[in-house]
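Participant: There's a structure below that I have some questions on.
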Amino acid sequence: MKVLGISCGRDMGNSEILLKEALMTCEKKGFEVEMIRLHDLYIKPCLGCNGCIISCINGHNGYCHLKGDDMDFFREHFLASDALIISAPAYNNTAPGLFRMLGDRCGPSFDREFKRYARDFKGADIDERWFKDRPAGTIIVGGGPSTHVQTALDFMFHFLKSPKCKLVDQFAATFCPAPGQVLEHPDYLERVSKLAENVVSQVGKKFDDIEWLGGDNFVCPNCHGNAVCIDTETGVHCATCSKPGQFVERDGKIVVEFFDELAADDPEYRRQHIINIGKRHDEFREYLKAHSEELHFDKYKDYDILVKPERA
Ligand SMILES: Cc1cc2nc3c(=O)[nH]c(=O)nc-3n(C[C@H](O)[C@H](O)[C@H](O)COP(=O)(O)O)c2cc1C
Numbered sequence: 014m015k016v017l018g019i020s021c022g023r024d025m026g027n028s029e030i031l032l033k034e035a036l037m038t039c040e041k042k043g044f045e046v047e048m049i050r051l052h053d054l055y056i057k058p059c060l061g062c063n064g065c066i067i068s069c070i071n072g073h074n075g076y077c078h079l080k081g082d083d084m085d086f087f088r089e090h091f092l093a094s095d096a097l098i099i100s101a102p103a104y105n106n107t108a109p110g111l112f113r114m115l116g117d118r119c120g121p122s123f124d125r126e127f128k129r130y131a132r133d134f135k136g137a138d139i140d141e142r143w144f145k146d147r148p149a150g151t152i153i154v155g156g157g158p159s160t161h162v163q164t165a166l167d168f169m170f171h172f173l174k175s176p177k178c179k180l181v182d183q184f185a186a187t188f189c190p191a192p193g194q195v196l197e198h199p200d201y202l203e204r205v206s207k208l209a210e211n212v213v214s215q216v217g218k219k220f221d222d223i224e225w226l227g228g229d230n231f232v233c234p235n236c237h238g239n240a241v242c243i244d245t246e247t248g249v250h251c252a253t254c255s256k257p258g259q260f261v262e263r264d265g266k267i268v269v270e271f272f273d274e275l276a277a278d279d280p281e282y283r284r285q286h287i288i289n290i291g292k293r294h295d296e297f298r299e300y301l302k303a304h305s306e307e308l309h310f311d312k313y314k315d316y317d318i319l320v321k322p323e324r325a
């Protein structure tokens, strides 16, 4: 059984030290471990071609068409893993761009339910390892307080959402701006070691049996995030996983009561999502047959205001 660590920060930076501490614990528990440092990979940015989604809709494996970078390497190590631990520094209140870029490339392209749809409804030949139930833990390190790191953890949930890895524990290490400063905090090292124990304790379980072991400091019972959106039309929903709810007063406090409705990571939600995308593509293709003249594509194509740097 293998735990894959994904290091999204500097070589021997704070996030990498915490990840290594976590992986050492996994090893002590008898697991094989390996670590990928994103700074070592060359990952091209997603071109937004929708090819991965269309591929699944048309009964193929949904792999990205972009070639000539390290995505094949990353995919292979992901598929070979049985659990994940991701560790990243907070940059601009969220996860670093390098990790977000990987997230774009792994979004629809790694979506387990899109692949299930391609296999079950379109006859695609899908590697069985996409359907392995992997527990996961996430770690974030910030130079500032917890309010400066929150959306990084939310982004990590979305990274895990596509391949349907189940979040078991998450930890934000705060007030560590200087390289190596996490070592000043034995409690942080202990906490990530506990996170690792929690993650490996869930390896081999079926998805629905994998437990959340990260404590009770969360608002949303589905994704364990703390961010809530208030929308005048649709009411309240979890800003991370979209689970709908409403504000209620309980014991003199305003809290969110979540409804028993699907969140964005639910398999049925994902299946409907790919079916709806397919429908909208079909509808627009039909619409264009009769109305393409009326849409005035050329008006925008010919609007020549682009400036670009000159290259030799
Ligand atoms: C570009 C940049 C943006 C940063 N933005 C934040 C931030 O929004 N919130 C925060 O708490 N720390 C922020 N930091 C501080 C880093 O998260 C902190 O130094 C962390 O320990 C770096 O982790 P590393 O050593 O693994 O690279 C930022 C650092 C950099 C370089």
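Numbered by our numbering, the letters in the sequence shown go through residues 14 to 325 in order. Each residue gets a CB set at the ideal place from its N, CA and C atoms; glycine is no exception.
(1) Between the Cα of R50 and those of I66, D24, K41, spot the shortest distance and give me the residue it belongs to.
(2) Quick one: what does DSSP say D244 is sitting in, helix, strand or coil?
(3) Residue ranges of each alpha helix (DSSP H) run of no fewer than 4 residues wholly in the stretch 177–218, ordered along the chain?
(4) Does DSSP classify M14 as helix, strand or coil?
(5) By how many angstroms is the C-alpha of G26 removed from the C-alpha of Y104?
(6) Which same chain residues, not among the five before or five after E126, have their C-beta less than 6 Å away from its C-beta?
(7) Should P148 and I223 be called a contact, given that it needs their Cβ atoms to be closer than 7 Å?
(8) Quick one, which of P102, C178, L79, S159 has its alpha-carbon nearest F220's?
(9) If you draw a straight line from the C-alpha of E89 to the C-alpha of I267, how long is it?
(10) Output the residue ranges of the alpha helix (DSSP H) runs that lie fully inside the stretch 72–145 and measure 4 residues or longer, sorted by chain position.
(11) As a quick check of your reading: which residues have a C-beta less than 6 Å from at least one non-hydrogen atom of ligand 1, in chain order?
(12) Compare the beta carbon distance of G18 and M48 with 7 Å and say whether it is the shorter of the two.
(13) Do D109 and C21 have their C-beta atoms closer together than 7 Å?
(14) In three-state DSSP terms, what is C21?
(15) For G248, which residues of its own chain have a beta-carbon under 7 Å away from its beta-carbon, when the five flanking residues on both sides are left out?
(16) Per DSSP, R293 forms a beta bridge with which residues?
Facilitator: Quick look at the numbers:
(1) Taking the first residue of the sequence shown as 1, we reach residue 50 at position 37. Nearest C-alpha to R50: D24.
(2) Against the sequence shown, residue 244 aligns to sequence position 231. D244 falls in the strand class under three-state DSSP.
(3) 199–214
(4) Locating residue 14 in the sequence shown gives position 1, counting from the first residue. In the structure shown, M14 sits in coil (DSSP, three-state: anything other than H, G, I, E or B).
(5) The sequence position of residue 104 within the sequence shown is 91, counting from 1. The sequence position of residue 26 within the sequence shown is 13, counting from 1. Cα to Cα, Y104 sits roughly 13 Å from G26.
(6) Position 113 of the sequence shown, counted from the first residue, corresponds to residue 126. If we look at E126 and ignore the five residues flanking it on each side, its Cβ neighbours are P280, R283, R284.
(7) The count along the sequence shown starts at 1 and reaches residue 148 at position 135. The count along the sequence shown starts at 1 and reaches residue 223 at position 210. Yes, they are a contact pair.
(8) As a first step, residue 220 must be located in the sequence shown, where it is residue number 207. Here the closest residue by C-alpha is C178.
(9) Counted from its first residue, the sequence shown places residue 89 at position 76. Counted from its first residue, the sequence shown places residue 267 at position 254. It is roughly 46 Å from the alpha-carbon of E89 to the alpha-carbon of I267.
(10) 84–93, 110–119, 125–135
(11) For ligand 1, the selected residues are G22, R23, G26, N27, S28, E29, P102, A103, Y104, N105, N106, V154, G155, G156, G157, H161, V162, C189, P190, P192.
(12) Working through the sequence shown from its first residue, we reach residue 18 at position 5. Working through the sequence shown from its first residue, we reach residue 48 at position 35. Yes, they are a contact pair.
(13) Stepping through the sequence shown from its first residue, residue 109 is reached at position 96. Stepping through the sequence shown from its first residue, residue 21 is reached at position 8. One detail in the question is off: residue 109 reads as Pro in this sequence, not Asp. A contact, by the Cβ cut-off of 7 Å.
(14) Position 8 of the sequence shown, counted from the first residue, corresponds to residue 21. Three-state DSSP puts C21 in coil, outside helix and strand.
(15) Locating residue 248 in the sequence shown gives position 235, counting from the first residue. Cβ neighbours of G248 beyond the five flanking positions: P257, Q259.
(16) Here residue 293 refers to the residue found at position 280 of the sequence shown. DSSP output for R293 lists no bridge partner at all.
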